[in-house]
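Residues in the sequence shown are numbered from 19 upward in steps of one, following the numbering used here.
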Amino acid sequence: MISAPAYVDGLSTRKFVLATDLDGTFLGGSEEDRRRLYGWIEANRETVGLIFVTGRDPQFIGDLCRDRGVPWPDFAVGDVGTTIATVSPENGIVPIEHLEAEIAERWGNAGDRVRARLDGHPGLTLQPTDFRYRVSYDIDAQSFDPSAWDIVLEMGFQPLISDNRFFDILPDGVSKGPSLLRLVDHLAIEPGRVLCAGDTLNDLSMLECGLPAVAVGNSEPELVSRVADLEHLHMAHAHGAAGILEAIRAFGMHDLPEGY
């Protein structure tokens, strides 16, 4: 896999950086909501940075931006925090190896071992994507045996259930929040200029990490209960993309056109 160049376009000069989950958040809300947010970002690229912080893999991110008219991010924290990469239409998604080194070390090529241990476990269907530093399953809530959680902990890894649909096994201590903070520090971005946006429990570590944050209006109830008392978080009424714009306005992080 190609390594990212040592020099990166520092987002430290941007007035505002949006670090956003995709499904239900950046891709959520009405078509008009998304059109307004995406158009505003593209019209303000000199002052607005964009980081995707998602459970999705690099292939999905590239296809999304090429084929669906979604703005290209400057960087991505993908695979639930196990990928940290530069992003561009020219080069696609290129991992920043020195930021991923600790992630790779903590995982230690454990994929086959994890899959073997959970093979046939009730309520889990292995996702077909060949992830580098995680293993992920779809959950059948009716038949799922929650002992999978303890099995993963006993193996020394971190389990994560989100939206009651997905079961991720991650390297211990690795998730969206820690990986985003590592990237923000690497890029020398002032933390107060970054807005984190999410809607499910796999966004919890990002929303809790101390950066300004928003739980969009369609967030799952368990996430809402976990973040309700965070002083640095805005609980949006609007859904998806509109909830992001609501938070930008509430925090005063960037000028917005009237009516946005």
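Glycine included, C-beta positions come from ideal geometry on N, C-alpha and C.
Using the beta-carbon count (16 or more within 10 Å), is residue i buried or exposed?
i              : result
glutamate 249  : exposed
tryptophan 167 : exposed
glycine 46     : buried
leucine 263    : buried
glutamate 295  : With the chain represented from 19 up to 278, any question about residue 295 goes unanswered, as that position is not in the structure.
leucine 198    : buried
threonine 38   : buried
leucine 36     : buried
proline 275    : exposed
glycine 126    : exposed
arginine 152   : buried
aspartate 130  : exposed
alanine 94     : buried
aspartate 137  : exposed
aspartate 217  : buried
threonine 72   : buried
alanine 215    : buried
arginine 63    : exposed
Cβ atoms of residue j and residue i: under 8 Å apart, would you say?
i              : j              : result
valine 232     : alanine 254    : yes
valine 192     : threonine 100  : yes
serine 154     : glutamine 145  : yes
leucine 346    : leucine 219    : Nothing can be reported for residue 346, as the shown portion of the chain is limited to 19 through 278.
alanine 259    : leucine 40     : no
arginine 135   : isoleucine 169 : yes
isoleucine 157 : glycine 141    : yes
isoleucine 111 : glycine 87     : no
glycine 195    : glutamate 226  : yes
glycine 235    : glycine 261    : yes
Just tell me which of the options has its CA closest to the CA of residue i.
i             : options                        : result
leucine 224   : Thr31, Gly96, Asp75, Ser30     : Note that residue 224 is methionine in the sequence shown here, rather than leucine. It is Gly96.
proline 76    : Trp90, Val66, Gly67            : Trp90
aspartate 16  : Arg86, His252, Glu108, Pro275  : Beyond the ends of the chain as shown, which are 19 and 278, falls residue 16; an answer cannot be given.
alanine 103   : Val88, Asp148, Leu205          : Leu205
threonine 43  : Glu64, Arg150, Glu115, Ala265  : Ala265
valine 83     : Val98, Arg63, Val105, Val71    : Note that residue 83 corresponds to cysteine in the displayed sequence, not to valine. Residue Val105 is the option with its Cα nearest to cysteine 83.
arginine 52   : Arg267, Pro230, Ala256         : Ala256
arginine 74   : Arg200, Arg150, Asn62          : Arg150
valine 98     : Glu115, Ile114, Phe70          : Phe70
glycine 28    : Gly138, Glu49, Thr65, Glu60    : Thr65
histidine 139 : Ala61, Arg200, Ser165          : Ser165
glycine 183   : Thr143, Thr147, Arg200, Phe269 : For the record, residue 183 in the displayed sequence is arginine; it is not glycine. Of Thr143, Thr147, Arg200, Phe269, the residue nearest in Cα terms is Thr143.
glutamate 115 : Arg200, Glu50, Asp85           : Arg200
Roughly how far, in whole angstroms, is the beta-carbon of residue i from the beta-carbon of residue j, given that I think they are within contact range, below 8 Å?
i                 : j             : result
arginine 244      : leucine 222   : 6 Å
aspartate 186     : glutamate 238 : Contact flag wrong, Cβ pair sits at about 15 Å.
arginine 124      : glycine 67    : Their Cβ separation, rounded to whole angstroms, is 28 Å, which puts arginine 124 and glycine 67 out of contact at 8 Å.
phenylalanine 78  : histidine 272 : Not a contact, Cβ separation roughly 27 Å.
isoleucine 207    : serine 30     : 5 Å
phenylalanine 175 : aspartate 190 : 6 Å
proline 209       : leucine 229   : 5 Å
Let me know the beta strand (DSSP E) ranges lying completely inside the segment 30-85, each 3 residues or longer, listed in chain order. 34-38, 66-71
Taking only runs that begin and end inside the segment 117-171, name each unbroken alpha helix (DSSP H) of 4 or more residues, in chain order. 129-135
Beta strand (DSSP E) runs contained entirely in the segment 228-259, provided each spans 3 or more residues: 231-233, 251-253
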